[in-house]
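Under this note's numbering, the letters of the sequence shown match residues 349 to 458, in that order.
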Amino acid sequence: MDRNRQWLAARVGIRDSEGPRSESFCAFAIMRPGEPLIVTDATQDPRFVDNPAVLGAPYVRFYAGIPLVDAAGFALGALCVADTSPRLQTFDVYDLSHLARQAERLMSQR
């Protein structure tokens, strides 16, 4: 993620490989390094209710993102999952957090 754009390194079910940061769920996730961002129903969340990805394709309803942080503590992006259905039950972030820590280790080896 940079000042204006978000790039998607890997994706399933989303056509575009990048988009404006202003429409990015991950831009909110990286604001709080060390904390997951869970959005159970984006149509009910004031931060995202007018988001183009909620109002139109891919019709995001659920989002869970873990900030990816470098050794200096800077959030570089997020590892996330999203769905077209809301998930109102509790989301277990353990596995997603574990994958995020693995991604951070891989990024630090570059």
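Backbone N, C-alpha and C fix where the C-beta goes; we use that ideal spot for every residue, glycine too.
- At a Cβ-Cβ threshold of 8 angstroms, D389 and P434 count as neighbours.
- Per DSSP, P400 is one residue of the alpha helix (DSSP H) stretching across 400-403.
- Y407 is not a Cβ neighbour of T438, given a cutoff of 8 angstroms.
- Taking a C-beta distance under 8 angstroms as the contact criterion, A426 and I386 do not qualify as a contact pair.
- Per DSSP, the beta-bridge partners of Q354 are G367.
- The beta carbons of E371 and P400 sit about 5 angstroms from each other, so the pair counts as a contact at 8 angstroms.
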